[in-house]
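Numbering that gives the first Met the number 0 puts the first residue of the sequence shown at 0, with every later residue one more than the last.
The structure appears below as structure tokens.
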Amino acid sequence: MRKSTFFSWLRVILPAMIGVVVLLVLGTWLIDESFAWQNRQIDPRYTAFKGSCYYAGDARNYMRIALDGYSNYAPSLSPPHMTLLNDRSWWPLFPRAISWVIALGGEACGGRTVNGIALVALVPIFQAITGERRWWRLMVLGVLPSGAWMYVGEADSFFLALSAALVWIILQSERHPRLAGIGALGMGIVVGLAKPNGLALIPALGVWGIEKTIRYYRAEPGSRWRVVKDGNPAWAAWLGALGVLTSTVWWIYQTSGFYPYYVLMLQRSLWWREFEGGNPSSFAYTFYLAIQTARNGFGGMLELQRMAELASMVLGLALVCAHLPPRWPGGERISIPL
0 MRKSTFFSWL RVILPAMIGV VVLLVLGTWL IDESFAWQNR QIDPRYTAFK GSCYYAGDAR
60 NYMRIALDGY SNYAPSLSPP HMTLLNDRSW WPLFPRAISW VIALGGEACG GRTVNGIALV
120 ALVPIFQAIT GERRWWRLMV LGVLPSGAWM YVGEADSFFL ALSAALVWII LQSERHPRLA
180 GIGALGMGIV VGLAKPNGLA LIPALGVWGI EKTIRYYRAE PGSRWRVVKD GNPAWAAWLG
240 ALGVLTSTVW WIYQTSGFYP YYVLMLQRSL WWREFEGGNP SSFAYTFYLA IQTARNGFGG
300 MLELQRMAEL ASMVLGLALV CAHLPPRWPG GERISIPL
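This is how it looks when you write it as structure tokens:
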């Protein structure tokens with residue numbers, strides 16, 4: 000390890016990782032205490048289960064898959080099977096990682112352990128992508144609008160760490176286009192098996208590849224067909240997208256006709272049932288209703304989740320527009336591609 004790299008770890012990455020661990024411990028404790036307080040009103044025996052690795056979200060469903068696999072289910076091809084969601088229809092990599100942790104003595108909270116390790120590992124990956132040299136700014140990873148979901152036994156930070164690694168590999172394509180292309184294909188396959196959200200990366204990687212091709216075409220003189228050469232850095236982005244698509248299609252194919260029925264996996268996001276496609280007012284009403292119920296004191300877990308999703312979209316739009324005029328005089332300009 001070079002001396003500069005070592006000091007970067009010592010001064011920037013290590014303090015940020017320690018800070019994220021502190022946030023992780025504190026956030027986990029708060030989530031556990033809030034669920035314990037709620038469940039104690041119902042039956043004190045419910046407090047035997049931790050909120051962050053059982054009650055919150057779908058943490059217990061991941062744990063069941065890790066313990067029993069996908070086979071603990073009575074297959075049914077009746078019409079309700081195509082519309083009523085089952086709690087076992089998940090992508091395979093995260094439950095497999097949980098089962099490894101449980102086998103090593105991690106007990107029932109293995110999902111929380113895997114997600115926590117991924118959240119801390121996201122710090123050096125994010126620093127490598129951005130080059131950020133202020134440790135306190137890297138700690139924003141622990142307080143994102145959806146940050147609470149990273150403290151429980153779900154696959155959020157697990158997916159973010161893997162997809163961030165894919166982005167880092169693609170960034171190396173400017174210097175090592177061939178190696179980055181091979182690495183992006185392999186990491187894309189892993190990302191596709193981590194969570195179905197990986198499908199959302201495909202159009203972004205496609206546009207990124209087009210942008211790289213345009214710059215490569217302008218910078219490299221020669222024939223018009225030079226863009227198809229393996230020295231074009233765009234291949235890394237496109238091969239990453241191909242990897243995501245390949246593993247996702249493989250998982251759908253090898254489960255079609257068996258459990259879990261592939262239609263269920265494709266509808267796991269539930270969005271298609273919550274608003275009319277192509278109707279902006281229907282889409283906005285989903286979040287309006289969540290805010291109204293929360294303000295009136297009737298909000299449950301679903302409303303809180305919708306508010307977190309709305310905050311995430313607002314943050315994303317703010318980042319996209321951050322480099323547009325007017326800007327704060329003398330401020331740092333960081334362009335976030337649309």
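The beta carbon of each residue, even a glycine, is placed where N, CA and C say it ideally should be.
Item: The segment 194-207 in contact with the segment 117-130 per 3-pair CB rule at 8 Å; Value: no
Item: Element boundaries [alpha helix (DSSP H), containing Val24]; Value: Leu13 to Ile41
Item: Neighbourhood of Met149 by C-beta, 6 Å cutoff - its chain only, sequence neighbours within 5 removed; Value: Leu118, Asp155 and Ser156
Item: 8 Å Cβ cutoff, Gly18 in contact with chain D; Value: Absent from the structure: chain D. Only one protein chain is present.
Item: Three CB pairs or more closer than 8 Å across the segment 93-107 and the segment 196-207; Value: no
Item: Cβ pair count under 8 Å reaching 3, the segment 13-22 against the segment 111-125; Value: yes
Item: Cα-Cα separation between Val113 and Ile30, rounded to whole angstroms; Value: 17 Å
Item: Outcome for Pro123 when other beta-carbon atoms lying within 10 angstroms are tallied against a minimum of 16; Value: buried
Item: Separation of Glu153 from Leu159, as counted between CA atoms; Value: 12 Å
Item: Pick from Leu137, Trp249 and Asp57 that is closest to Trp8, judged by C-alpha positions; Value: Leu137
Item: Contact check, Pro232 vs Pro176, beta carbons under 8 Å; Value: yes
Item: Best match in Pro91, Phe125 and Ala65 for proximity to Thr247 [C-alpha to C-alpha]; Value: Pro91
Item: Span separating the alpha-carbon of Val243 from that of Trp249; Value: 10 Å
Item: Closest by C-alpha distance to Met16, when choosing among Leu103, Trp135 and Asp67; Value: Trp135
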